[in-house]
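> Start counting the sequence shown at 659; every next residue gets the next number (the working numbering).
Could you have a look at this structure, given as structure tokens, before my questions?
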Amino acid sequence: MITMEAKQWTVHIYISEEGDETHARAVLATRDTSKLTGRGLARRNPIDRPIPEIGDELAASRALEDLAIRLHDVAADDIVELAGPVRAWIQA
659 MITMEAKQWT VHIYISEEGD ETHARAVLAT RDTSKLTGRG LARRNPIDRP
709 IPEIGDELAA SRALEDLAIR LHDVAADDIV ELAGPVRAWI QA
């Protein structure tokens with residue numbers, strides 16, 4: 659019988675505003691305490707109305723996208739480091 663282990667990873671998103679810029683940081687904490695951080699930035703066009711939620715959404719989504727890319731890179735590096743030898747498939 660195969661038992662499955664439930665895992666939980668938590669992502670915290672930190673948002674700050676400076677003038678027309680909104681900065682976001684997405685921090686992933688895994689069970690083994692390793693952390694990865696993604697960053698995002700949104701800039702409001704000075705002629706647009708100031709609606710902070712839009713800047714928050716854009717900056718947060720960009721931080722999450724950056725985090726996803728970094729996590730994918732870590733997984734790819736782990737595969738290269740830990741995978742077995744490459745096998746050549748010969749077709750008859």
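Here a beta-carbon is modelled for each residue, glycine too, at the ideal position from N, C-alpha and C.
Computed from a predicted model, the values in this text were never measured in an experiment.
Give every residue of the same chain whose Cβ lies closer than 7 Å to the Cβ of residue 688, excluding the five residues on either side of it in the sequence, and list them in chain order.
Taking the first residue of the sequence shown as 1, we reach residue 688 at position 30. 667.
> Is it right to say residue 690 is buried, meaning 16 or more other beta carbons lie within 10 angstroms of its own, or is it exposed?
Within the sequence shown, residue 690 is the residue found at index 32, counting from 1. Its Cβ having fewer than 16 others within 10 Å, residue 690 is exposed.
> According to DSSP, is residue 683 part of a helix, a strand, or is it coil?
Start at 1 with the first residue of the sequence shown, and residue 683 comes out as number 25. Three-state DSSP puts residue 683 in a strand.
> Could you say which of 696, 698, 697 and 713 lies nearest to residue 704 if we only look at CA atoms?
Translated into positions along the sequence shown, residue 704 becomes position 46. Closest option to residue 704, Cα to Cα, is 713.
> In the DSSP assignment, the beta strand (DSSP E) including residue 719 goes from what residue to what residue?
The count along the sequence shown starts at 1 and reaches residue 719 at position 61. No beta strand (DSSP E) contains residue 719, which is instead part of the alpha helix (DSSP H) from 710-740.
> Ends of the beta strand (DSSP E) at residue 701?
Residue 701 sits at position 43 when you count from the first residue of the sequence shown. Note, residue 701: beta strand (DSSP E), 693-701.
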